[in-house]
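Undergrad: This is the structure, below, for whatever I ask next.
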Amino acid sequence: MGFFSRIRRLISGAPTIEGGIAIIAPVSGEIYPIEKVPDVVFAEKIVGDGIAIAPEGDTIVAPIDGTIGKIFETNHAFSIESPQGLELFVHFGVGTVELRGNGFKRLAEEGQQVKAGEPVIAFDLDYLKDQVDSLLTPVVLANMEDVKYLEKAQGRVEAGKDVIFTVEI
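Position one of the sequence shown corresponds to residue 9 (my numbering), numbered consecutively onward.
Next comes the structure, spelled out in structure tokens:
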């Protein structure tokens, strides 16, 4: 995928980015290392590297300007691709797919262009707390082969405002 991402960037004329690209928090809450997510797919970075957030609030927002790729049928996760070719994946909690969409509401559509901070999915935190194994919400870069450098933030973040990591491609 990395090779094709680079080719796509070259063909599309996407600008070369000097310095890093800031990825903002899709949900408010405390940042945790991705390794703390109780799901081997995330903890062992099988789908990519990133961070996890213990969510607060009721909305997941776009972490970067881009195009919504896939929103899962159950509305618990989505992918987004930036104009620079970054492919991000946001997945609310662990065990949420089994809820078949209960506790989630889609606010954006696949193929939609969004700006960082625009709402993508609404969630009912009180309902979800009692339904799933973990609320930790991974935010991962799916195309790590394109990434030269990844600097992860720590502490508490506010959705749509605070940087969770900076990427250099």
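A virtual CB, placed ideally from N, CA and C, is assigned to each residue, including glycine.
In the DSSP assignment, find the beta strand (DSSP E) that holds residue 158 and state where it starts and stops.
TA: 157-160
Undergrad: Does the distance from the C-beta atom of residue 70 to that of residue 143 stay below 9 Å?
TA: The criterion of a C-beta distance shorter than 9 Å is not satisfied by residue 70 and residue 143.
Undergrad: First and last residue of the beta strand (DSSP E) that includes residue 148?
TA: Under the DSSP assignment, residue 148 falls in the beta strand (DSSP E) whose first and last residues are 145-149.
Undergrad: So, under 8 Å CB-CB, residue 76 and residue 88 are touching, yes? Tell me the CB distance rounded to an integer number of Å.
TA: 6 Å
Undergrad: Within 10 angstroms of the Cβ of residue 249, are there 16 or more other Cβ atoms? Answer buried if so, exposed if not.
TA: There is no way to answer for residue 249, as the model of the chain reaches only from 9 to 177.
Undergrad: Would the beta-carbon of residue 32 fall within 9 Å of that of residue 94?
TA: Cβ atoms of residue 32 and residue 94: not closer than 9 Å.
Undergrad: Provide the residue span of the beta strand (DSSP E) that contains residue 94, from first to last.
TA: That residue, residue 94, is in no beta strand (DSSP E); it is neither H nor E in DSSP.
Undergrad: Take the Cβ of residue 92 as the centre, count every other Cβ of all protein chains shown within 10 Å, and call the residue buried at 16 or more, exposed below.
TA: buried
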